[in-house]
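The next block holds one structure in the form of structure tokens; read it before the comments.
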Amino acid sequence: CSGGKFKFKFCGEFCANGKNALKKKMTKESGSPIDEEKPRTPGSRQGSAKSGRSARSEGARSDKSAAKSDRSAGAKSDKSAAAKSDKSAPRSTRSAKSPKESAEGQREEEARSPGAPAAEDETKELHEPPEDEDAGAERAEGSEDRHQHEAEGGLEAIAEEAIRDEVEALNKELDNIQISVPTFNEFVQHETEFRFKEFPVSYHENTVTEDIVLSYAANFRRQYSHLEKDRKPLFLNPLNECNVEKFVCTTLNPTKLPYRELYDWHGAASFVADYLNYVLLDPPTELPERMFSPATTLEIQKGHCFEYSQLLCSLLLGCGYDAYVVSGYATREICMMDESRDTCPELQKKEEAKREDTAVEQKKYTVKPPKDLRSQFILNMEARKVREEQEREEERRKEAVRRELEAERPANDPLYGLRVHSWVLVLAGKREVPEGFFIEPLTGVARPLVNDDYCGIESLWNHKNYYVNMQSCREGVRKLSYDLGDCTLWEFMFPSNEKPLYLLPEVKENRDDEEGDEDNERAEDIERHLDMPKTWTKPIVLSRRDFETRCPHGKKTKLYKKAKLEKFAPYLLRDGMVLRLSIYTDRTLSDLVEVREHFENRVDKLTLRVRDVASGKVTEHFAKGRMERLHEHQYFEAMPGPETERVMFFYNEARVDCLARREEWPLEMKEYFVNRPDRLYFRHTVFSKRVKKFAPQSAPGEHEVRPISRIEEKFARNPNVPANEDVAERIFVLTEDRIQLVYHTDSSKIAASTREYIKPPNADEKGTVILLPPDNHSTFQVDPNRSSKKEVEVYQLMLDLIAIEEKTKERVRASEKESLDILNARSREEADAEMEISLYDTERNEKAKKHREELERQRQEELMRNRELELDYLAPFLAQLGEPTKITKEIAFELRKVCLEDFKHRLIDIANLIQSRFERQSADLQKKQSWYQQNQVNMSKNDEEEYLKYCSEAMFKIQILEEMLQRHKNMAPHKFQALELKLRTDPRLQEFLN
1 CSGGKFKFKF CGEFCANGKN ALKKKMTKES GSPIDEEKPR TPGSRQGSAK
51 SGRSARSEGA RSDKSAAKSD RSAGAKSDKS AAAKSDKSAP RSTRSAKSPK
101 ESAEGQREEE ARSPGAPAAE DETKELHEPP EDEDAGAERA EGSEDRHQHE
151 AEGGLEAIAE EAIRDEVEAL NKELDNIQIS VPTFNEFVQH ETEFRFKEFP
201 VSYHENTVTE DIVLSYAANF RRQYSHLEKD RKPLFLNPLN ECNVEKFVCT
251 TLNPTKLPYR ELYDWHGAAS FVADYLNYVL LDPPTELPER MFSPATTLEI
301 QKGHCFEYSQ LLCSLLLGCG YDAYVVSGYA TREICMMDES RDTCPELQKK
351 EEAKREDTAV EQKKYTVKPP KDLRSQFILN MEARKVREEQ EREEERRKEA
401 VRRELEAERP ANDPLYGLRV HSWVLVLAGK REVPEGFFIE PLTGVARPLV
451 NDDYCGIESL WNHKNYYVNM QSCREGVRKL SYDLGDCTLW EFMFPSNEKP
501 LYLLPEVKEN RDDEEGDEDN ERAEDIERHL DMPKTWTKPI VLSRRDFETR
551 CPHGKKTKLY KKAKLEKFAP YLLRDGMVLR LSIYTDRTLS DLVEVREHFE
601 NRVDKLTLRV RDVASGKVTE HFAKGRMERL HEHQYFEAMP GPETERVMFF
651 YNEARVDCLA RREEWPLEMK EYFVNRPDRL YFRHTVFSKR VKKFAPQSAP
701 GEHEVRPISR IEEKFARNPN VPANEDVAER IFVLTEDRIQ LVYHTDSSKI
751 AASTREYIKP PNADEKGTVI LLPPDNHSTF QVDPNRSSKK EVEVYQLMLD
801 LIAIEEKTKE RVRASEKESL DILNARSREE ADAEMEISLY DTERNEKAKK
851 HREELERQRQ EELMRNRELE LDYLAPFLAQ LGEPTKITKE IAFELRKVCL
901 EDFKHRLIDI ANLIQSRFER QSADLQKKQS WYQQNQVNMS KNDEEEYLKY
951 CSEAMFKIQI LEEMLQRHKN MAPHKFQALE LKLRTDPRLQ EFLN
């Protein structure tokens, strides 16, 4: 790139070398291999010369025919091979030499080569007259051997001639079999065929505004090509799905999808990179002729870099970002989506998290450290040694890094700076973006504006305007300014630029007022017609299932530097795995050292499993929600059973015992607590080996516990209790029946008080009197002036410690059982992983789906039942009249009379029923009132409340019955008239009653 324009040229020396190399390559590709006969050695030629004249003549004739057949077969094979190579060769190589010329040239070169003297002799032998050879043979051989050799040579010649005939016939049969090898290119521009009827009218037609914009873009391109002759044409109006030219700005469709993960740029970029399959540009140095709409790209799930950028920019614009699609040039690795030299993003996240954890908080006030009394000379000498060792280590590290970078450096790209590529630019200002950055849509990774992966920018655009870069790209994109309002740096196409403009000083010219008015009117007309038309694309729609699928066919694999990343859609695998990261020590990905598996939607709340291949250590992470509040589980894959080395972390704030961590070994167990009310923060249990006993074997579900030999507990300092009475350590030595207490050290003391008990022999027996001999108790008091405890207090303390020992043993056994239950539960969960499905996921939730189906079935049954219950209201009355086959006038009037009378009696019966219930309630209330008047004096307050409650309920019922009776009386005439009208309108009675 030179001169501030995009002038990418190769040097003359490289072009000359390239032409020579290209000629050689064309000759190799177009020229097929020739069937060469093995050169005869001088001994073999002498042996043949010793044979008779007839044998040599027959041999010469057979050699001629064989050479002729070989040449014909070679020519045919050369033609087929040349045709194949011509199909697979690029256009520039097809116009080189024909297959026949290349084959003949290759034969001539082989004949002229010094390494083929035998071939020259054979050719000479074929073209020389047989008589000369016979004469030379007669002079060389005696007359006695000649007749014998002639007879033997004749038989051999006949046999060879028969074999050659068979071989020639076989070659003819084989030549009739022709095959054509299909050409295949893995990264070919997609040629998806669409039906025009599937798209709206805007896809295969242009509006008047779009035609004006296209004509203006064509004029803009002509002016640009005239002024910038050394630069490539602009990417303005590619063909769409229906082969119709569309302006690139109108292809963008700002859309905000209803998914929270796509609201931020990193979520949208990651989704686009995972959801689509990449198609390389063909050729890589030219702009694509077609570009589909974002909706179509999302539907077919594949596209080239420009379609990637259009879709991502549409999503970013819909979320409020100041995003632009960039058309420019990039390196080979970027254009081919080669991430084998990049660090995996998952590893980068972990390194950033480690750096955040290691950051030390600087306190404002610190305690002054004690004075250092060591020799400064010795310290300086030691520091110098350490510094020298660190420098040597740093040099070794830098050398290793240099060698690694040298090994990772890609090969020289002959198309460097010419490969066309598209990516996305996000400028600062909107959505609280502090500074601009690039987004690579193929990988979803953000890159700074100053980087070496992008070689230059031709233009960029959004849904409102199109900008052409007028800056020098001599150093790639390092020194480019993205102030789109500066018209000296970016030439914009439409005058309605939303960026603040930096206009050039106006030049005053002497023009007539009329000419100025005409120019202003013309400019107003142009601006009126150059408004950006609306997008012609369909709305971008993405279903929930497609969004959750993420990758084509639900899975995608990416290769990084010493890592392999596999992504899976949720619910695709039985165990709920959504991501697997394999880490290797070499670039060939052969030496596996670590595997990380991420899970989602599991009932057991498993989210991450890390497996160290070298040591076999497995670390499992769980989300909140498990019954035992397990947070992390570390164990060795070779020893998954109980009573082995393992570490368990818990959510201590959700546990009653505030347990935070439990470490287990075959004969030890350590437990760490946080914020317990009794200030216990550590418990260490030591087990002894089991003693072999001759006893019946335990049941399969039972687990034989280990004997406890020692339990040690540590407590934090309680400031409300004196240090001599605040227990710091409590040790139960069960094998020796000893109990030790170590108290906290007072701030003014250097030692701590202790107390020790030896349990009486009958301490574990219930109902016995426990005695405390003087020899079973010893104490150490740091403060001699402090009064010692009374014997009663010492005895009571011993009894309390014996009780605490039993409770502590029970807690240890409970911890063992909990660990065993966790291991058994994990075994069941791994054997049959159960997935957690939301109630709102109507497609996957089988329970909710069955419930809906059951409700629908019940509703259909209810409808069928109601239809069956809708019987003929005249059926009972027709039965009384003997089921007449035909209804006459007399029968119709009789039916009307009987039906109305029956309905009248029913209305009267209902009124009588309501009246009887009203009278019964009134009578019960009167009885209750008379009872109250008789027993009013002797009644308690509760009885009076019950009486008042009964009266209130009775009056409520009476009032309801009264309203029901009154309503029935008012509605009865209307119901009677409605029935009479129904009878008159009945199709069977209508002609007689009307």
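Residues in the sequence shown are numbered from 1 upward in steps of one, following UniProt numbering.
The C-beta atom is built at its ideal place from N, Cα and C for all residues, glycine as well.
Give the single residue among the options whose Cα lies nearest to the Cα of residue i.
i, options, result
"Tyr681", "Lys692, Pro666 and Asn652", "Asn652"
"Arg580", "Glu228, Ala563 and Ser709", "Ala563"
"Asn724", "Pro773, Glu862 and Phe780", "Phe780"
"Phe568", "Ala879, Glu597 and Asp586", "Glu597"
"Leu839", "Asp832, Lys850 and Ala833", "Lys850"
"Leu925", "Phe903, Leu900, Gln959 and Glu894", "Gln959"
"Val721", "Phe687, Phe732, Asn762 and Arg679", "Arg679"
"Lys886", "Arg988, Ala954, Ala978 and Gln966", "Arg988"
"Ile750", "Pro773, Val782 and Arg730", "Val782"
"Cys344", "Met669, Leu257 and Ile583", "Ile583"
"Glu432", "Lys398, Cys319, Lys817 and Lys229", "Cys319"
"Ser615", "Met639, Gly625, Arg629 and Lys624", "Met639"
"Leu900", "Tyr454, Val468, Leu874 and Val201", "Leu874"
"Ser375", "Arg260, Ala383 and Phe673", "Ala383"
"Glu548", "Ser916, Arg857 and Pro258", "Pro258"
"His905", "Lys256, Gly429 and Ala972", "Ala972"
In or out: residue i buried (at least 16 other Cβ within 10 Å) or exposed?
i, result
"residue 1044", "An answer regarding residue 1044 cannot be provided, because it is not within the stretch 1 to 994 covered by the chain."
"His421", "buried"
"Ala440", "In the sequence on display, residue 440 carries Glu and not Ala. Classification of Glu440: buried, given that the 10 Å Cβ count is 16 or more."
"His744", "buried"
"Pro533", "buried"
"Leu855", "exposed"
"Leu771", "exposed"
"Ile908", "exposed"
"Trp931", "exposed"
"Tyr416", "exposed"
"Gln921", "buried"
"Tyr329", "buried"
"Glu816", "buried"
"Gln178", "With a pLDDT of 45 at Gln178, under the threshold of 50, the modelled position of that residue is not reliable, and no figure is offered here."
What did DSSP end up calling residue i once you bin it into helix, strand or coil?
i, result
"Gln471", "coil"
"Ala763", "coil"
"Cys951", "helix"
"Val424", "strand"
"His744", "coil"
"Ala972", "helix"
"Glu671", "strand"
"Gln858", "helix"
"Met939", "coil"
"Met864", "helix"
"Ser709", "strand"
Can you give me the start and stop residues for the alpha helix (DSSP H) that residue i sits inside?
i, result
"Pro899", "What sits at residue 899 in the sequence shown is Cys, not Pro. First-last of the alpha helix (DSSP H) with Cys899: Lys889 to Gln934."
"Tyr482", "Per DSSP, Tyr482 belongs to no alpha helix (DSSP H) and is neither H nor E."
"Trp265", "Trp265 to Tyr275"
"Glu307", "Cys305 to Gly318"
"Thr250", "Val248 to Thr251"
Which residue comes first and which comes last in the beta strand (DSSP E) that contains residue i?
i, result
"Val610", "Leu606 to Asp612"
"Gly456", "Tyr454 to Trp461"
"Met798", "Run containing Met798: none in the beta strand (DSSP E); it sits in the alpha helix (DSSP H), Glu791 to Ala831."
- Query: Should the stretch 808 to 820 be regarded as contacting the stretch 549 to 558, the criterion being three or more beta carbon pairs within less than 8 Å?
  - Reply: no
- Contact the stretch 323 to 337 vs the stretch 267 to 286: 3+ CB pairs below 8 Å: yes
- Query: Should the stretch 285 to 304 be regarded as contacting the stretch 392 to 402, the criterion being three or more beta carbon pairs within less than 8 Å?
  - Reply: no
- Task: Would you check if there are 3 or more beta carbon pairs closer than 8 Å linking the stretch 241 to 252 to the stretch 307 to 322?
- Result: yes
- Message: Does the structure place the stretch 601 to 618 close enough to the stretch 829 to 838 that three or more beta carbon pairs sit under 8 Å?
- Response: yes
- Task: Kindly confirm or deny that the stretch 457 to 466 and the stretch 478 to 498 touch, where touching means at least three C-beta pairs closer than 8 Å.
- Result: yes
- Task: Would you check if the stretch 789 to 807 and the stretch 657 to 668 touch, i.e. whether three or more CB-CB distances between them fall below 8 Å?
- Result: no
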